[in-house]
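Student:
Structure (structure tokens):
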């Protein structure tokens, strides 16, 4: 409406108007999780945004399209996916004081090829009935014999668990990480299976006492009629590394090499790290803003406070290959 009103006024005045370009985004995130913040951007600027949900093969699509790609921006989750896109050489660096001032150094590419938009913590879901307060406080604790037969996780080869193991490598080295993975494997109550919510269901069913999961899954469960009972059976525990904070991962955005609408795309990137956008995007996704001081939703705030680990996520991405080898060597998934 803003764009149309401006256009009509300009035509009435007899002045030529260059049409505002759309911004085209390839995203692995469900469009409904992005649309509210996109709508806010369009209302503010008059720039339309097209979202193309690409669940799989986003790198291959960008490589195949090359300079002909209509995509200006790529949005995805997890440092491993961001690294894959970077390694494919399909992004361009973005020089923006707005972005570098808003996004902490540990949550963006050293070359400014991608920038974090929100974070999610990899936490422990603990049974309210069977796990006492303070019984688990660190990720290192998970390897203790005290948890034998009491842990549930999804596959060790999943990106979320590989990122956590990469952080173990960064903090303690590969040898320690290999032993830790083997010990956690020995503490499993069942063969790794399902997603993070399936692990909470297993706790509710009494199959295990704790599980690893991302924070935002609690938001999904409490708003689901069937799963709210699972959510009510657990509490969130924010473990830390013995020499660090709580492990976090990221959702991020980068500008493509082709970017036919670079200026408009940059406007959107900078809007996404504004206080207004950060509050909207984080609330819709039940995640944490990257911008210091941005509002956290009431639900997310109810889970408690934590200190994020300050390890550079780009370093964790470099450990992913070794983390995968360790998971396979210890036969984590059985």
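Numbering (full-length UniProt numbering), first residue to last: 1 to 334.
All residues carry an ideal CB built from backbone N, CA and C; glycine is no exception.
Work out the CA separation of residue 104 and residue 313 for me, nearest whole Å.
Tutor: Taking the first residue of the chain shown as position 1, residue 313 is located at position 313. Taking the first residue of the chain shown as position 1, residue 104 is located at position 104. Rounded to the nearest angstrom, the two C-alpha atoms are 11 Å apart.
Student: If you pair each beta-carbon of the region 20-37 with each one of the region 250-265, do three or more pairs fall below 8 Å?
Tutor: yes
Student: Taking 6 Å as the limit between beta carbons, can you name the residues of its chain near residue 254, skipping five residues before and five after?
Tutor: Numbered from 1 along the chain shown, position 254 holds the residue referred to as residue 254. Same-chain partners within the cutoff: 74, 91, 113, 114.
Student: Locate the alpha helix (DSSP H) running through residue 197, then write down its first and last residues.
Tutor: Taking the first residue of the chain shown as 1, we reach residue 197 at position 197. Here the alpha helix (DSSP H) through residue 197 covers 196-204.
Student: Going by DSSP, what residue range makes up the alpha helix (DSSP H) through residue 172?
Tutor: Your numbering for residue 172 matches position 172 in the chain shown. That run of the alpha helix (DSSP H) goes 159-172.
Student: Identify every residue that forms a DSSP beta bridge with residue 123.
Tutor: Here the question's residue 123 lines up with position 123 in the chain shown. Answer is 213.
Student: So, with DSSP's three-state summary, where would you put residue 34?
Tutor: As a working mapping, residue 34 is identified with position 34 in the chain shown. Three-state DSSP puts residue 34 in coil, outside helix and strand.
Student: Determine the direct distance from the alpha carbon of residue 68 to that of residue 192, and round the result to whole angstroms.
Tutor: Along the chain shown, one-based indexing puts residue 192 at 192. Along the chain shown, one-based indexing puts residue 68 at 68. Taking the straight line from one Cα to the other gives about 42 Å.
Student: Buried or exposed, going by whether 16 or more other CB atoms sit within 10 Å of the CB of residue 118?
Tutor: For this step, residue 118 is matched to residue 118 along the chain shown. Counting of Cβ neighbours within 10 angstroms places residue 118 among the buried residues, the total reaching 16 or more.
Student: Might you give, ordered along the chain, the residues of its own chain that have their beta carbon closer than 8 Å to the beta carbon of residue 417, omitting 5 neighbours on each side?
Tutor: In the structure as shown, the chain starts at 1 and stops at 334, and residue 417 therefore has no counterpart that could be examined.
Student: Among the candidates 236, 59, 322, 83, whose CA atom is the shortest distance from the CA of residue 109?
Tutor: As a first step, residue 109 must be located in the chain shown, where it is residue number 109. When only C-alpha atoms are compared, the closest one is 83.
Student: Taking 8 Å as the threshold, find out whether the region 204-214 comes into contact with the region 137-154 through three or more Cβ pairs.
Tutor: yes
Student: Exposed or buried, which one is residue 337 when buried takes at least 16 other CB atoms within 10 Å?
Tutor: This structure cannot speak to residue 337, because the chain is shown only from 1 to 334.
Student: Taking 8 Å as the threshold, find out whether the region 270-282 comes into contact with the region 294-310 through three or more Cβ pairs.
Tutor: Touching, yes.
Student: Residue 303 and residue 236 - do their beta-carbons sit closer together than 7 Å?
Tutor: Counting from one through the chain shown, the residue named residue 236 turns up at place 236. Counting from one through the chain shown, the residue named residue 303 turns up at place 303. Their beta carbons are under 7 Å apart, which means residue 236 touches residue 303 by this criterion.
Student: For the beta strand (DSSP E) holding residue 51, just list the boundary residues, first then last.
Tutor: Position 51 of the chain shown, counted from the start, is the residue given in the question as residue 51. First-last of the beta strand (DSSP E) with residue 51: 49-53.
Student: Identify the continuous alpha helix (DSSP H) that holds residue 100 and give its terminal residues.
Tutor: The count along the chain shown starts at 1 and reaches residue 100 at position 100. Residue 100 -> alpha helix (DSSP H) spans 97-102.
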